[in-house]
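Chains as they are written, first to last, in the working numbering: chain A, 9 to 765; chain B, 9 to 765. Written below as structure tokens is the structure these notes are about.
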């Protein structure tokens, strides 16, 4: 059961959640787990098909608009619907909300990458059949979303009628009762072409403003003894009708191929038809085999095996599966906060990628990590523009939320003010370099990105009393906004600045000529590099003598303490129940802030300060953000709080499966999914990658027999197995490798197990 | 020339400004100085008639809406147009933008309260006439807006045709090119009745959402040898047409009477007709005589005479005139930031009233001050509600901008966060009490208002290290928002808290029984009163040892210094050219903040600290707000910076007349107008009213021969004349009075001049 997720819900709130849980995706295309045949009228469903980064531009309204507020926002669009298939047993339309559902199961197959739905149904008038749906979005042919249906009548049925649609008349989700999704901007696509052409149904849409186009070209196949076929084209959709003899089993297959102008040039239909032609040779089962092979390869190095808890084993596999489903793997896309599983956060990319999800890819699929980093690099110019808009004379200010680079945050205190995202991106580049030692990457991308973000910090902060200080920014904790010297921000900026100077040094040593070209291009002076180093070294990291902790910011510790214990449960999350000013006035945290900095940059403080800080901030943290538990789990591991590490980990592993945040219907919490992996590998296994190399500090939870995973590091592939008796390291690829285990150096050679008790 | 403002402009930018400058009002009704006959199509004019507090409710859009953000906003409406009168000389329509304008003058008569327009015009075809318009909004019959036109053809004209309109098809101003006024919400009135009934044209409108109604009932009269009359009614307006023999002078008069459901019950037409009937006995000149008498009485005690500078004399009279024109004098209205002269700030009431305008009324027309305070008292319940919305468990949080009590600010960092408005209102009550010693007022209104605002501070702040601290509020300086321990806020809250305790004491001594009723009503405990006193006494007022100044807030002085000297002129006001985060990061002030606290509560600091602070903050202040100069002038007077006092005063006196802020077209800067008076009386004359009584510290600018004004104080009327030789005090009403002059006690008796060299 740990390789699949089974669902049997038919009630509405559960089905909405299942739509997200059972969503399929491949980083390009995503389809929610909707029923092909639809729902009854009163049923709420978010029927969605998404293409990563495929968006329109909408206006932002402000009651009062100040200088530098973004005027528009990007919005991921629900595109052409290829899901819909209606089935009639004689005159009875198949629906799970009528007649009798004798048996009903859905399985998301994490190992094989498909979703099935197995039904035994009797219609109101007594027509009975077994019906099985299977669907997948292909990792190998990313444009493909295929559905296979088997219908086996078991009562007398004269005719089975199958009606399949490709529908361009789509909108984004609107909920009149929820102001967050009732704001309009739902309909953002015009239909520009609908036709039937030989074997294909073809539909093309264009967005209102961004002028992006998307096409869906669909082919259908039937295996049946006897049938008639007809089709019909309207303004908005193509409809295909198969009428089949009901006395024998029937198999119907639908291949939807999606192309868009972000990736496929202008000839979208032609491109899609070409793809259709390429897959024509294989049937559904063969295509599914290719899918399984892909996932088999993936799991070989990406799986984490927990022996001792099937629930958690299922949780981590489910989360890893959705990570690979969500990650953009091309030059125009990244990982949205909800992946491709829903419309929450409008398909925007946040710091979630760099801080919570990238490490998984970096340590298991570094080429995917590289693709994500290159996508950020492609936004560097717009980040420089954004810095100018806000008033900076130099540097790059990355937008808090975006798709193609424009700031899409409409509330700057918890948006644009989160300057740390620029240092977070820099951090992810540095981590990539530490793991891969890829000097070409450093020269081609990393140096410039580090230089421009370092420039931002110089322009934002200032030297006072021999300390470099950064005023009026917001840290990760959105319950305290616009503060001076946020510990997290300053710590990350320090790292950014010092590494910018270091990258300059490395670059200079490796390839002075190429560096000179860059220096010339961005008008860099050696004086600036000195300033970065100086500012980095003198960066002020607030410390409180009384508590002997890192202070979250200059004033946090002087505020009132929020009485979390006596806050009624229905007042959480606090942000939905208190005005921001009230929240700002208290020592109360939405999520890990200083504690996160202590994880990412643990060498900036001594152990005791980190421990004291954890003890202090833990009491004030609501974990109202799903980005919090994993950090608290990792740091509990580091500090020897094993029970806490385990308890917090438990909150992450099944957060969506168990819908503990109550909003999984709007999409999966991707950062938390990355966080589950972090809690296992950085937490229980104590992984760190630094200048000094790769180190582990394993501590297996008592509850488990073993924990096993793989790491890729500088071209090597390493297997790590933690059991109650000890740890076994095996170098599976690469000649040899020296790592650190609990502070001691270990030498590994290809194929040899090294066991440590 | 100091009793009138003359204008001869015919170009568009100037005429738009003149519309505000030459606006007429009486606190109830306001009419912009538009041309009766209209403009050419390409001309931009803000044609406006406003009734104080007559508003609709509009939705506020947020890109991201957080808990406690107001969902709606109130908006002052442009109501039924009674201004329009077209004149035709034979077939030539009179327009100042065609033909030849041989002579053209407009005069706003500050002494008599009317506007005239005197024209000698020749039409394109050579028809020539003298035309004179006069108009006033009556202070005595507040519903009345009357226009009188004399037409004297001086070439051959067969017929003069006069077409007079009452038009309900009105909207608020929209400027496509200015996002601040292009946001829609322009059309907010439906026409519900248009008719001609005997002598009257009647039009009635209703707002879209607030369901307020407004009516205009108009009568017209003509004095001419021979004429024909006709009228016509459409869906939106009534049109009256007089065709008159053109060989003799003609006089046409129009009486518009406005009633509204905020004041006149439901029978608006009947009420308006009754008012028409009441004024019927008097002709235009007689009504104007009544107006003159009213203003004569007003100026008797409200005028300030400056001997030595006609420009400034005109400026202060102009400003005082607009103060009396703008001030609401009934239970439902106050003074809008732009008075009734334009649509800027949507007719909202701010702290401007209490801190900048009320002192003028308090010291010259205390009954009007009382009316303004009672209007605020009527909003106390909604301020309590607002406090709950934001998250407070007790107290009253007055909205930053409002008409009927709902928070109408859509940007909380510079809106709701300005908690000081609650202490500002409390301050004005305390000042009223100090000037009037009105114990009935204390018992009926002031005590409750002080108690509820004191409760807010207790709930907002907290005790730490034996100091009472207030976190996360915004002071008057909007270039630094959401700060801890803003000096101004803490100082005003201290005063609020201590006076709440004091008012409890006084009330208890004067009328224990009545106090008990109040205590019971609001559930007050004696413990709370102790807490107020304690918090007030321990209030933390930030002080910087290095500079020996009051610190604007906990972190202001640690920020970067803005380089004002090298900021290009076109970057002012800064708020239109920099993102708020950039502004927040610097030591730069939009307006007086700490310096204002040092004016209002000068006894909280020693002289040297006040002087040091002034010197420090002056260098950082842009005066981008029009509320700044007057405070800097007053404090310069106090500190002996006579040149500066004079120079800053000069910036206030003619700010609108000379349009120095460039936006007078949107309405007059009422707070600055009050500030002009403050700079004269609190600045040059050094007036203060405290527990210890009334004191003056006169210092006449060298540039003037004398300065003369009146003060009302505890039932007495005092004349003060400052000349270069000394000061003369004369008690004009009241038996005797002891005041302080430059720190020395002076005893005054009725009718006797006391001269001090």
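Beta carbons are placed, not taken as given, at the ideal position from N, Cα and C, and that holds for glycine.
Item	Value
Contained beta strand (DSSP E) runs [length at least 3] in the region 672-749 of chain B, N- to C-terminal order	696-698, 701-704, 714-721, 724-731, 735-741, 744-749
Interface partners of residue 593/A on chain B, CB under 8 Å	468, 479, 480
Limits of the alpha helix (DSSP H) - the one that residue 597/A falls within	Where residue 597/A is concerned, there is no enclosing alpha helix (DSSP H), given that its DSSP letter is neither H nor E.
Classification of residue 337/B by the beta-carbon crowding that lies within 10 angstroms, buried from 16 upward	buried
Per-residue DSSP class, three states only, for residue 479/B	coil
Minimum C-alpha distance to residue 658/B - residue among 321/B, 96/B, 209/B	321/B
Neighbour flag for residue 563/B against chain A, beta carbons, 7 Å	yes
Cβ-based contacts, 8 Å cut-off: residues of the region 334-355 of chain B near chain A	none
Residue 560/B - containing beta strand (DSSP E), residue span	Residue 560/B -> no beta strand (DSSP E), and no H or E assigned at all.
Neighbour-count burial assignment, residue 203/A, 16 or more Cβ in a 10 Å radius	exposed
Endpoints, beta strand (DSSP E) assigned at residue 642/B	Taken as a continuous stretch (DSSP letters only), residue 642/B belongs to no beta strand (DSSP E), being part of the alpha helix (DSSP H) at 637-647.
Alpha-carbon spacing of residue 637/A relative to residue 615/B, whole angstroms	54 Å
3 or more residues per run - each beta strand (DSSP E) lying fully within the region 33-96 of chain A	37-39, 57-67, 80-86
Cβ-Cβ distance between residue 173/A and residue 247/A below 7 Å	yes
Chain B contacts made by the region 418-444 of chain A, where a contact means CB separation under 9 Å	418, 419, 420, 421, 422, 423, 424, 425, 427
Residues near residue 298/A in its chain [Cβ-Cβ closer than 7 Å; skip 5 each side]	148
Assigned exposure category for residue 239/B - 16 Cβ within 10 Å defines buried	exposed
Residue-level contact to chain A via CB, residue 567/B, 7 Å cutoff	yes
Pairwise C-alpha distance: residue 200/A and residue 217/A	14 Å
Delimiting residues of the alpha helix (DSSP H) encompassing residue 361/A	It is not in any alpha helix (DSSP H) - residue 361/A carries neither H nor E in the DSSP assignment.
Against chain A: residues of the region 578-590 of chain B by CB proximity under 8 Å	583, 584, 585, 586, 587, 588, 589, 590
Rounded C-alpha distance that separates residue 697/A from residue 626/B	52 Å
is_contact[residue 596/A, chain B] using C-beta, thresh 7 Å	no
Option nearest residue 273/A by Cα separation, candidates 318/A, 287/A, 221/A, 257/A	221/A
Span separating the alpha-carbon of residue 190/B from that of residue 578/B	Bear in mind that a pLDDT of 46 at residue 190/B, under 50, signals an unreliable position, so the number given afterwards is only what the model happens to contain. So the alpha carbons of these two residues sit roughly 23 Å apart.
Cross-strand partners of residue 224/A (DSSP beta bridge)	211/A, 266/A
Reduced DSSP category for residue 374/A - H, G, I as helix; E, B as strand; rest coil	helix
Chain A within 7 Å of residue 557/B, Cβ atoms only	no
8 Å Cβ cut-off: residues of chain B touching residue 74/A	419, 583, 587, 588
Residue 502/B versus 430/B, 535/B, 101/B, 97/B, residue with shortest Cα-Cα distance	430/B
Residues that residue 155/B bridges to, as DSSP identifies them	143/B, 262/B
Residues of the region 52-77 of chain A whose Cβ lies closer than 7 Å to any Cβ of chain B, in chain order	68, 69, 70, 71, 72, 73, 74, 75, 76
7 Å Cβ cutoff met for residue 681/A and residue 331/A	yes
Identity of the residue in 674/A, 708/A, 675/A nearest residue 690/A by Cα	708/A
Distance CB(residue 742/B)-CB(residue 723/B) smaller than 7 Å	yes
Burial state of residue 500/A, where buried means 16 or more other Cβ atoms lie within 10 Å	buried
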